[in-house]
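Sequential numbering of the sequence shown, starting at 1, is according to UniProt numbering. Structure first, then comments.
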Amino acid sequence: MIRPLYVLVLTFEILYRSASIIKRKHGFKPCEFDHRCACKRDQSSSLYVADCSGLNMTQIRRFPNVLLKLSLRMNRLEVIKDGIFSDNTLLTSLDLSFNNINSISSSSFIGLEKLKELDLQHNNLRKISFTHQWLARFKSLVYLNLKENFYDEYQPDISSLVRLETLKMDFVHNKTAILSKQFKNLKRLKLLDFSGFTGHCSVPVLTPNTFQNVPYVRHLNLSMCKIKSLQIKTFHVMKNIASLDLSGNTCLKFQVLENVTADLQFSAIKILKVNKIHKVFDMNTYLHTNHIKHLKNTSILELHMDSNRLQQIEPGALRFLPTTLIHLSVRDNMFSLGPYVYDLLALSVKTVDVSGMNSFHKEDSNPEKCNLDLVCTWHTDVRLDEYSDPQFKHLWFRRETNEQAGFRRTFIPIPYNLTKLNYRSCGSQYNITEVELSNNKLENVDLSNNLLTRWIGPLRNVKNLRYLDLSSNMCSYLSTFFFGPDFIVLEKLSMSNNLLGLILPSDIHGNTFQHLLNVIKLDLSQNRISNLPHQIFKSLRKMEILDLSDNFIENIDFQLSHLIKLSYLNLRNNLITFINNQAIIQINSIVDKRKKLAINLSGNKLICTCESQKFIDWMGSTSVHIVNKTHYFCQLSTGERVQIQHIPELFTTLEKECTSYVILTSGLLVSLSLFIIVLIMGICYRFRWKLRYCYYMVKIRSRSKIPQIDEDENEYMYDVFVSYADDDRSFVHTQLLQTLEKENGIRLCLHKRNFLPGNDIATNITSAIHNSRKTIVIMTYHYLKSYWCMFEFNMARMESIYERNNENVLFLVVFEHISARDFPLHILEVVQSQSYIEFPNDEQGDVVFWLQLVTALK
Ligand SMILES: *[C@@H]1O[C@H](CO)[C@@H](O)[C@H](O)[C@H]1NC(C)=O
Ligand SMILES: *[C@@H]1O[C@H](CO)[C@@H](O)[C@H](O)[C@H]1NC(C)=O
Ligand SMILES: *[C@@H]1O[C@H](CO)[C@@H](O)[C@H](O)[C@H]1NC(C)=O
Ligand SMILES: *[C@@H]1O[C@H](CO)[C@@H](O)[C@H](O)[C@H]1NC(C)=O
């Protein structure tokens with residue numbers, strides 16, 4: 001019971017697997033007759049296209065007669081059994097390539113009379129495989145591929161294939177190669193592919209006889225055919241030839257072009273490929289007028305001369321290229337400046353590919369042995385003084401080392417019809433200084449992957465430029481006038497992978513891009529940008545795609561709200577923790593006007609804390625498409641990183657956390673401010689007297705009517721200011737006045753008598769103290785209770801501290817007995833530290849008292 005079940009499961013699994021492989025090919029399903037093969041119905045004939053490739057088959061099975069095309073490619077077939085295809089009379093295409101087929105009999109292909117395409121590439125066919133003339137059966141064959149079968153000189157008899165249009169075959173000859181007479185029958189033959197890239201090709205010598213039997217062929221591919229010599233008139237008979245490929249014949253050199261182009265005159269040639277007809281380590285080459293002049297008599301469209309170590313071109317040579325030429329490919333060469341650049345102005349080309357100049361190379365794995373290798377192909381008829389001609393001195397971008405000419409204007413001649421220039425990966429190390437292009441129609445310029453490290457400009461005459469690629473140039477300097485008003489139609493600008501983060505932040509007025517009014521896509525990725533000025537994109541109102549990915553941006557400080565057409569803002573792989581409120585407002589205002597906006601924030605350092613609470617809320621609710629939102633991570637305040645999947649939940653927890661946070665912070669804030677207020681009040685209280693003193697001193701000094709005192713002590717207005725309580729006035733006005741002023745001539749200042757009317761009391765007091773040499777305090781209980789007396793006392797104290805350098809001004813007269821407990825602390829301090837005398841209030845004691853007082857005051 002178990003075994004059949006197991007087998008069943010296994011069968012299903014195999015079926016499932018093969019089905020899943022097949023499913024990958026577009027529109028294919030497992031075939032009904034064999035599930036390992038993939039089938040697709042052909043719409044017009046309702047027959048099937050069957051693919052049985054790569055199945056390790058060793059024998060061909062019979063196929064039902066429902067097939068239009070059959071592929072048995074990449075199996076392990078060796079023989080084709082007689083009559084195996086006899087049912088398949090409807091088959092038009094049979095692919096037997098990449099097998100080991102070696103013997104084919106006359107009845108192997110019975111039934112395939114209608115076959116149009118037969119592919120036998122990469123098998124084991126040899127001379128003996130063709131003994132049965134089986135090819136003669138295919139009267140309708142249009143396409144035949146026999147490549148990678150013959151290593152020797154052998155051409156099978158194909159004379160019966162009168163409808164053949166395409167033939168791909170090996171072409172091996174020991175010396176002179178000649179296509180056999182049988183080819184004469186193939187009047188419809190259009191394409192002959194002998195390329196050594198996909199088969200065996202070795203034809204050292206080509207002569208006018210080689211192709212004499214195929215005069216009608218239109219496409220001839222002789223790439224990698226080890227051609228060593230190509231005589232003139234080899235292609236002369238082929239007047240229909242439209243494309244000729246001689247690439248990869250490294251022994252030919254440019255000299256051969258003269259023979260080739262002479263033959264191609266007045267032919268239908270449209271595409272000529274002569275890539276790599278020099279070796280990788282040949283001397284640099286010089287293209288002569290003679291090499292290409294005959295092209296003038298053709299209407300060629302494309303010319304490919306890649307990888308030829310081409311350095312110089314004879315002046316005038318380019319003028320022989322016909323005006324029909326629209327594409328010129330000269331990739332991977334080694335051009336240097338020369339007079340020829342002026343001939344560029346006469347070229348009619350629309351697209352030029354000069355990319356990959358000066359790139360590094362490895363020696364060919366199997367270099368050909370050429371007779372000419374030792375010959376120096378560099379022609380010395382270029383006189384050296386041509387290079388020092390002053391007219392080139394200002395040509396092309398200046399080298400950085402040429403510091404004096406660093407800011408000179410340079411002129412670049414551009415072919416008048418050129419729309420697309422590819423100058424990628426040329427290793428050019430220049431500053432782009434002031435550059436003027438000749439009048440041009442340039443739309444697409446690729447200058448990427450060079451070392452154009454400083455873009456100074458301005459670049460003039462680029463009025464048609466729509467696409468400019470300046471990426472990967474290690475540029476760290478971009479002037480604010482490089483993109484001048486001529487960049488009016490520029491739409492796509494790529495500057496990725498440079499070092500513009502070093503220069504853009506300094507453009508606070510946003511002048512760098514101010515003229516790029518029509519830019520739709522701007523790529524500033526990989527530029528080490530940490531911040532962008534607010535105004536930087538002020539003029540780019542048409543911008544739709546802004547790529548700032550792979551930078552060091554932390555905050556969106558630049559203005560966005562005016563970019564109303566923005567549909568994609570890429571901020572991937574930056575250092576953004578959250579988008580601040582202002583930026584969110586700006587983004588919202590774009591979305592209000594335009595429904596579709598996508599922002600990519602993946603690979604940033606998002607945080608989910610109270611700070612970013614609003615941002616998280618916005619992410620959850622906004623209609624902006626946040627690319628890959630559910631795959632973002634954010635860091636919580638605890639340091640934990642979580643995936644942002646359920647934004648509403650996340651927001652609620654955050655909200656809870658943050659309310660307590662708000663209470664805490666506000667509590668802290670209130671207590672802090674309270675503390676500060678108390679502190680200030682304390683300080684004010686502590687220095688209240690000083691503050692008041694200062695206030696009044698300032699007030700006094702600002703009044704001119706109160707005389708200024710000099711330091712000289714004789715200049716005091718009074719000798720003594722008497723500070724007393726009103727209740728003690730009788731003592732002061734009688735005894736004190738009598739004894740001190742009348743008897744001893746000490747000028748007293750008494751508030752009753754000497755204060756200026758009109759002034760306020762406090763000012764009067766301060767001024768009196770200030771203008772008296774000493775201040776006597778008549779200390780009584782009344783005195784201690786009186787507000788103004790205390791004021792006088794403290795002012796006098798301040799006066800001695802701040803105006804008289806701690807000289808004692810105060811003199812205490814304790815009029816009645818006051819117990820030490822009743823003194824306020826600050827008075828007690830003075831009482832203890834400074835001189836004071838007690839009024840004895842008895843006759844004998846009084847005499848001594850007055851004596852002491854007078855001495856002390858004088
Ligand atoms: C071509 O050369 C190979 C070896 O160099 C030789 O075996 C072969 O016989 C030659 N074929 C002809 C037709 O001369
Ligand atoms: C010649 O064949 C090679 C290899 O298949 C191919 O790369 C090349 O494009 C062909 N040349 C032309 C002109 O088609
Ligand atoms: C060009 O043709 C001439 C005459 O047939 C021949 O002598 C010369 O070698 C050919 N040049 C090259 C480079 O094959
Ligand atoms: C173009 O053909 C004419 C007529 O055969 C010939 O006189 C002239 O030299 C040719 N021009 C070039 C550049 O080969």
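Note that CB positions come from ideal geometry on N, CA and C, so glycine has one too.
Would you say the beta carbon of F98 is closer than 8 Å to some non-hydrogen atom of ligand 2? On the sequence shown, residue 98 is found 98 positions in, with the first residue counted as 1. Outside the cutoff, so no.
Mind listing which residues have their beta carbon within less than 7 Å of any non-hydrogen atom of ligand 4? Chain order is fine. That query returns the following residues: Q265, K293, H294, K296, N297, F320.
Please classify K233: is it buried, with 16 or more other beta-carbons within 10 angstroms of its beta-carbon, or exposed? If you number the sequence shown from 1, residue 233 lands on position 233. Around the beta-carbon of K233, fewer than 16 other beta-carbon atoms lie within 10 Å, marking it exposed.
Pull up the distance between the alpha-carbon of D381 and that of E314, whole angstroms please. Within the sequence shown, residue 381 is the residue found at index 381, counting from 1. Within the sequence shown, residue 314 is the residue found at index 314, counting from 1. Low local confidence applies: a pLDDT of 46 at D381 is under 50, so the model's placement there is unreliable, and no value is given.
Starting from the C-beta of I746, find all residues in its chain whose C-beta is less than 8 Å away, skip the five residues before and the five after it, and write them out in chain order. Locating residue 746 in the sequence shown gives position 746, where the first residue counts as 1. So the list reads D719, V720, L740, V854, L857, K858, once near-sequence residues are dropped.
Measure the Cβ-Cβ separation of D82 and S105 and say whether it is below 9 Å. Taking the sequence shown and counting its residues from 1, the one referred to as residue 82 is at position 82. Taking the sequence shown and counting its residues from 1, the one referred to as residue 105 is at position 105. Yes, the Cβ-Cβ distance between D82 and S105 is below 9 Å.
Restricting to Cα atoms, I'd like to know which of K595, I599, R572, N573 is closest to A583. Taking the first residue of the sequence shown as 1, we reach residue 583 at position 583. It is I599.
How would the residue list near ligand 3 read, in chain order, if you kept each one whose beta-carbon is closer than 6 Å to any heavy atom? Result (chain order): S229, L230, Q231, I232, Q255, V256, N259.
Environment of E640 [buried if 16+ CB atoms lie within 10 Å]: By 1-based counting over the sequence shown, the position of residue 640 is 640. When all chains shown are included, E640 counts as exposed.
Backbone CA spacing between N100 and H122 [nearest angstrom]: As a working mapping, residue 100 is identified with position 100 in the sequence shown. As a working mapping, residue 122 is identified with position 122 in the sequence shown. One C-alpha to the other measures close to 8 Å.
For S819 and M717, the rounded distance between their alpha carbons: By one-based count along the sequence shown, residue 717 stands at place 717. By one-based count along the sequence shown, residue 819 stands at place 819. Taking the Cα positions, M717 is about 35 Å away from S819.
Whole angstroms is fine: what's the gap from F109's alpha carbon to L189's? Residue numbering aside, residue 109 sits at position 109 when the sequence shown is read from its first letter. Residue numbering aside, residue 189 sits at position 189 when the sequence shown is read from its first letter. Taking the straight line joining both Cα atoms gives about 23 Å.
Which two residues bound the contiguous beta strand (DSSP E) that contains N838? Mapped onto the sequence shown, residue 838 falls at position 838. The question names Asn, yet the displayed sequence has Glu at residue 838. E838 -> beta strand (DSSP E) spans 836-838.
Just the Cα atoms here: how many angstroms apart are L179 and V214? In the sequence shown, residue 179 corresponds to position 179, counting from 1. In the sequence shown, residue 214 corresponds to position 214, counting from 1. Distance from the CA of L179 to the CA of V214, rounded to the nearest whole angstrom, comes to 8 Å.
Reference R454, options M495, I765, P204, closest by Cα: By 1-based counting over the sequence shown, the position of residue 454 is 454. Comparing alpha-carbon positions, the option among M495, I765, P204 lying closest to R454 turns out to be M495.
Should N527 be labelled buried (16 or more other beta-carbon atoms within 10 Å of its own) or exposed? Sequence index remark: in the sequence shown, residue 527 carries index 527 (1-based). Label assigned to N527: buried.
Environment of ligand 2 in chain order, Cβ to heavy atom below 7 Å: Working through the chain, the matches are D193, S195, F197, T198, H219, N221, S223, S243, D245, I271, K273.
Starting from Y696, trace the beta strand (DSSP E) both ways and give me its first and last residue. As a first step, residue 696 is located in the sequence shown; it is residue number 696 there, counting from the start. Premise fails: Y696 lies in the alpha helix (DSSP H), 688-701, not in any beta strand (DSSP E).
Beta strand (DSSP E) segments (min. 3 residues) lying fully within the stretch 566-635: Listed in chain order, the beta strand (DSSP E) elements of length 3 or more contained wholly in the stretch 566-635 are 568-570, 598-600, 625-627.
Backbone CA spacing between S348 and K441 [nearest angstrom]: Residue mapping note: residue 348 aligns to position 348 of the sequence shown, counting from 1. Residue mapping note: residue 441 aligns to position 441 of the sequence shown, counting from 1. Each residue's Cα considered, the two are about 11 Å apart.
Classify R319 as helix, strand or coil using the three-state DSSP reduction. Walking along the sequence shown from the start, residue 319 turns up at place 319. Helix at R319.
Please name the residue, chosen from N371, T780, K296, that lies closest to D727 on a Cα-to-Cα basis. The count along the sequence shown starts at 1 and reaches residue 727 at position 727. Check the Cα spacing between D727 and each of N371, T780, K296: the tightest is with T780.
Take R477 and list the residues in its own chain whose beta-carbon comes closer than 6 Å to its own, dropping the five residues that flank it on each side. As a working mapping, residue 477 is identified with position 477 in the sequence shown. The question names Arg, but residue 477 in the sequence shown is Tyr. Within the same chain, Y477 has close Cβ partners R454, I503.
Under the three-state DSSP convention, the category F171 falls into: Translated into the one-based positions of the sequence shown, residue 171 becomes position 171. Shown here, F171 sits in a strand according to DSSP, grouped into three states.
Member of E649, Q635, I607, L636 whose CA lies at the smallest distance from the CA of S621: The sequence position of residue 621 within the sequence shown is 621, counting from 1. When each option's Cα is compared against that of S621, the closest is E649.
Determine the DSSP secondary structure at K858, reduced to helix, strand or coil. For the purposes of this step, residue 858 is identified with residue 858 of the sequence shown, where counting begins at 1. Judged by DSSP in its simplified three-state form, K858 adopts coil rather than helix or strand.
Quick check: what's the CA-CA separation for L421 versus R319? Within the sequence shown, the letter at position 421 stands for residue 421. Within the sequence shown, the letter at position 319 stands for residue 319. If you take the alpha carbons of L421 and R319, they lie about 19 Å apart.
Validate contact between the stretch 606-616 and the stretch 657-666 using beta carbons, cut 8 Å, 3 pairs: With a cut-off of 8 Å, the stretch 657-666 and the stretch 606-616 count as touching, because enough Cβ pairs lie within range.
Can you list, in chain order, the residues of its chain whose CB lies under 6 Å from that of S388, leaving out five sequence neighbours each side? On the sequence shown, residue 388 is found 388 positions in, with the first residue counted as 1. Confidence at S388 is low in this model, with a pLDDT of 46, below 50, so the placement of that residue should be treated as unreliable; the coordinate-derived value is given next. Cβ contact annotation for S388 (same chain, cutoff 6 Å, sequence separation greater than five): none.
Could you name the residues of the same chain whose beta carbon sits closer than 7 Å to that of D710, not counting the 5 residues immediately before and after it, in chain order? Taking the first residue of the sequence shown as 1, we reach residue 710 at position 710. Confidence in D710 is poor, its pLDDT being 48 and thus under 50, which makes the residue's placement unreliable; the coordinate value appears in the next sentence. Closer than 7 Å at Cβ, skipping near neighbours: no residue.
According to DSSP, is C789 part of a helix, a strand, or is it coil? In the sequence shown, the residue the question calls residue 789 occupies position 789. If DSSP states are grouped into helix, strand and coil, C789 belongs with the helices.
If you drop the 5 nearest sequence neighbours on each side, which residues of the same chain put their C-beta closer than 8 Å to that of N240? For this step, residue 240 is matched to residue 240 along the sequence shown. So the qualifying residues of the chain are P215, Y216, V217, R218, S267, A268.
contact_flag[the stretch 619-638, the stretch 666-686] where n(CB pairs < 8 Å) is 3 or more: Short answer: they don't touch.
Ignoring anything shorter than 3 residues, give me the beta strand (DSSP E) runs that lie fully in the UniProt domain "TIR" (716-857), in order along the chain. 718-723, 772-779, 810-814, 836-838, all fully within the UniProt domain "TIR" (716-857).
Burial state of Q59 (16 or more Cβ within 10 Å): By one-based count along the sequence shown, residue 59 stands at place 59. With fewer than 16 other beta carbons inside 10 angstroms of its own, Q59 counts as exposed.
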